[in-house]
Amino acid sequence: MLHELHIAGLGVIDDLDLPLHAGLNVLTGETGTGKTMVTVGLSLALGARASASLVREGAGSARVQARFDAPGSETSIDVTEWSEDGELILARTVSAEGKGSARISGQLATASALATLGEHLVEVHGQHQTQRLLTGATQTAFLDRFAGDEHLVALLAYREAFERLRSLRQEVETLSDASRDRERELDLLAYQVREIEEVDPQPGETAQLVAAEARLAHVERLLEFAATAAAVLDGDEGGATSAMATAAQTLAEAAALDPGANELGTRALGSSAEVAELARDVRSYGESLHADPDRLQGIRERMAALRALQRKYGETDDDVRSFLHESAGRLQDLDGADERLDSLRRDLSASEADVDAKAATVRLGRERAAAPLAAAVGAELHQLGMPGAVVRVDLEPVDPPGPGGSERVELRFAAGPGQRSAPLAKTASGGELSRTMLACRSVLADLDQVPTLVFDEVDAGIGGQAGLSVGKRLARLAHDRQVVVVTHLPQIACFADQHVRVTKEGGLARLEVLDHDQRVAELSRMLAGLAESAGAVSHAEELLDEAAKIRAQVRVDA
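This note's numbering puts the sequence shown at residues 299 to 856.
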């Protein structure tokens, strides 16, 4: 359970500690004293959305800490990593600038982590939650929870199947809408692939053709250059080859007389051999040169074809080949799109059948649970002082089915016998709605394991005998779990196991846990506005005595 709540710098609260006990904890006080800010602070510790506007004027930040027993092994959440000495401490800080932080047992955490833990520890019911009861989604979720775990498993299976169906529909729609664009792209890609494949560029081919084209285009001048070079090297009158041979022979003879000339002779001999080889190579080069206009024309045409591709698909032969590879792959993908679409349509048909079958299972579960739920809520309302109230649970078809199924739930309410039932939102008064919310919460009490329930404004629109009936029901709820109630009704406050009075002094809220005599005075104030009124005091004592008898009977019945 929740043992202690510490709040500082929040609204009208400067710094206060609220101890909480097992059973029914009641907070009372004049309007504006800060009772609701206590539940706001608790909600912050449970991960609710924070706002800088909550920070008290003049305070640097608002701080909240809530200390709980760590949930036992019978619950569905594992808190081993967070608990310390069998306790959990949820803490939240909100600065005046709107920045915040969260901690769990001293460890840094996120607000979502607080919320994940908090939903297993505390359930808060206020005016907002009461209004939510009017929505079809909330009423549908209420019936689904009442229908039991097996039904919830079937509902989860339906939702997963529905999401698969929705995904398939989107994919089929996307492919179908894109079919015309796909045909245009297919035509373009096929043309591009065919154009490149017909030319079939090879890696580095353009550079090779540039060199070959230059040689053939200037073959006559190259022949002249080769002939001139050959004549210089090895002409009719000897040329450079003969001269170098003579020099080498002469230096060899000099070396025979003077060893110092050996190096010169060796160099001359090598140069003579190199010049002779150069002369042979020049002659071979000249002999290889032939004018070939047809081949030159063919090279120029090939280069033009390659450059035409490069202007469209890439700067080099390799770039063009890469474009070809990518386009061929895309073309293959598009060629298979029709097959993919046919396959998706078959999957879609099977998925629609699966969703229909699972929707029928969900509908059957809801149909089976509708009448028992109506009876259970009606019985609770009878105990809450509405003996003539009649509740019906109708299933309204939804076309087309949505993620929640092929129907939505509508709670219909009639305040008394013979009255025509109508949707809860259109017939229930504020007090009736508050008691219906409490009745629904009571029906679900045995279906979940949330150990602490908080009710703020549960008494909206009710009083007198109806308030006493609500107080009795809260006392029964508090027998096996902790209940915290903020109320203005003495008929509810009299059932408290712990009664806390909220007052305001100097513009700031303060708390006081009341003993018996103080409770009598507070109930008197709530009854008559005067703590010293003899009649109010007598009435307050009667309320406390009656509440004590009822609580004792609850323990006996349990």
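Quick reminder that beta carbons are idealized off the backbone N, C-alpha and C, glycines included.
**Item:** Identified DSSP bridge partners for A758
**Value:** Paired residue(s): none; A758 is not in a bridge.
**Asked** Who are N323's beta bridge partners in DSSP?
**Response** V782 and Q796
**Request:** Report the residue from H588, A832 and A723 whose alpha carbon sits nearest the alpha carbon of H511.
**Result:** Residue identity check: residue 511 is Glu in the sequence provided, not His. Per the Cα distances, H588.
**Request:** Provide the residue span of the alpha helix (DSSP H) that contains P788, from first to last.
**Result:** DSSP places P788 in the uninterrupted alpha helix (DSSP H) bounded by P788 to A791.
**Message:** In the DSSP assignment, the alpha helix (DSSP H) including A591 goes from what residue to what residue?
**Reply:** In the sequence under discussion, the amino acid at residue 591 is Pro, which differs from the Ala named in the question. Counting along the chain, the alpha helix (DSSP H) containing P591 begins and ends at P591 to Y611.
**Request:** Just confirm the distance between the C-beta atoms of L303 and G339, as a whole number of angstroms; I'd bet it's less than 8 Å.
**Result:** Their Cβ separation, rounded to whole angstroms, is 7 Å, which keeps L303 and G339 in contact under 8 Å.
**Local Cβ density within 10 Å of K770, reported as buried at 16 or more and exposed below that** = In this structure K770 is buried. Its beta-carbon is surrounded by 16 or more other beta-carbon atoms within 10 angstroms.
**Asked** So what does C548 bridge to, in DSSP terms?
**Response** The residue you asked about is not Cys; residue 548 is Thr in the sequence shown. According to DSSP, which records beta bridges pairwise, T548 is partnered with nothing at all.
**Message:** Three Cβ pairs or more, each shorter than 8 Å: is that satisfied between the stretch 692 to 707 and the stretch 658 to 675?
**Reply:** Three or more Cβ pairs closer than 8 Å define a contact, and the stretch 692 to 707 meets that threshold against the stretch 658 to 675.
**Prompt:** With 16 other CB atoms within 10 Å as the buried threshold, where does Q717 fall?
**Reply:** Under this definition Q717 is an exposed residue.
**Request:** Compare the Cα-Cα distances from H786 to each of V800, Q796, A543 and L693 and report the closest residue.
**Result:** V800
**Request:** Using a threshold of 8 Å, state whether the C-beta atoms of L722 and L432 are closer than that.
**Result:** yes
**Message:** Per DSSP, what are the beta-bridge partners of T659 in this structure?
**Reply:** Partner(s): none; T659 has no beta bridge.
**Asked** Nearest CA to the CA of P685: which residue from F711, R605 and V691?
**Response** F711
**DSSP state of Q405 mapped onto helix, strand, coil** = strand
**Request:** For I402, collect the residues of the same chain with a Cβ closer than 8 Å to its Cβ; drop the 5 residues on either side in sequence, then sort them by chain order.
**Result:** Excluding sequence neighbours, I402 sits near W380, L386, I387, L388, A389, A411, L412 and L415.
**Asked** Measuring CB to CB, does V798 end up less than 8 Å from T750?
**Response** no
**Prompt:** Any C-beta of chain C sitting closer than 8 Å to the C-beta of E522?
**Reply:** Within the model displayed, chain C is absent; a lone protein chain is all it includes.
**Item:** Beta-carbon proximity of Y456 to G703, cut-off 8 Å
**Value:** Taking C-beta atoms as the reference points, Y456 and G703 count as a pair closer than 8 Å.
**Asked** For E421, which three-state DSSP category applies?
**Response** strand
**Asked** Taking the alpha-carbon positions, what's the E585 to A515 distance?
**Response** 17 Å
**Request:** Would you mind stating whether A602 and V497 have Cβ atoms separated by less than 8 Å?
**Result:** no
**Prompt:** Is DSSP giving G339 helix, strand or coil here?
**Reply:** helix
**Request:** Determine the burial state of R853: buried for a count of at least 16 other Cβ atoms within 10 Å of its Cβ, exposed for fewer.
**Result:** exposed
**Item:** Cβ pair count under 8 Å reaching 3, the stretch 814 to 823 against the stretch 834 to 841
**Value:** yes
**Nearest-angstrom Cα separation, counted from A687 out to S393** = Approximately 48 Å between the Cα atoms of the pair.
**Message:** Quick check on D692: does DSSP put it in helix, strand or coil?
**Reply:** strand
**Asked** Taking DSSP as the reference, what is the three-state secondary structure of Q747?
**Response** coil
**Request:** Can you have a look at H449 and say buried or exposed, based on whether 16 or more other CB atoms are within 10 angstroms of its CB?
**Result:** With 16 or more Cβ atoms within 10 Å of its Cβ, H449 is classed as buried.
**Prompt:** So, is A648 buried or exposed, given that buried needs 16 or more other C-beta atoms within 10 angstroms?
**Reply:** exposed
**Request:** Figure out for me which residue from V530, A554 and L607 has the closest Cα to the Cα of A574.
**Result:** V530
**Asked** Based on Cα-Cα distance, which residue from T378, R817 and A343 lies nearest to R361?
**Response** A343
**Asked** Beta carbon of A524, beta carbon of A577: below 8 Å?
**Response** no
**Item:** Rounded separation between A626 and Q608 - CA only
**Value:** Near 17 Å, if we compare the C-alpha coordinates of Q608 and A626.
**Request:** Inspect the beta-carbon positions of I494 and Y583 and report whether they are closer than 8 Å.
**Result:** no
**Message:** I need the boundaries of the alpha helix (DSSP H) containing V508, first residue and last residue.
**Reply:** Per DSSP, the continuous alpha helix (DSSP H) segment holding V508 begins and ends at E503 to A515.
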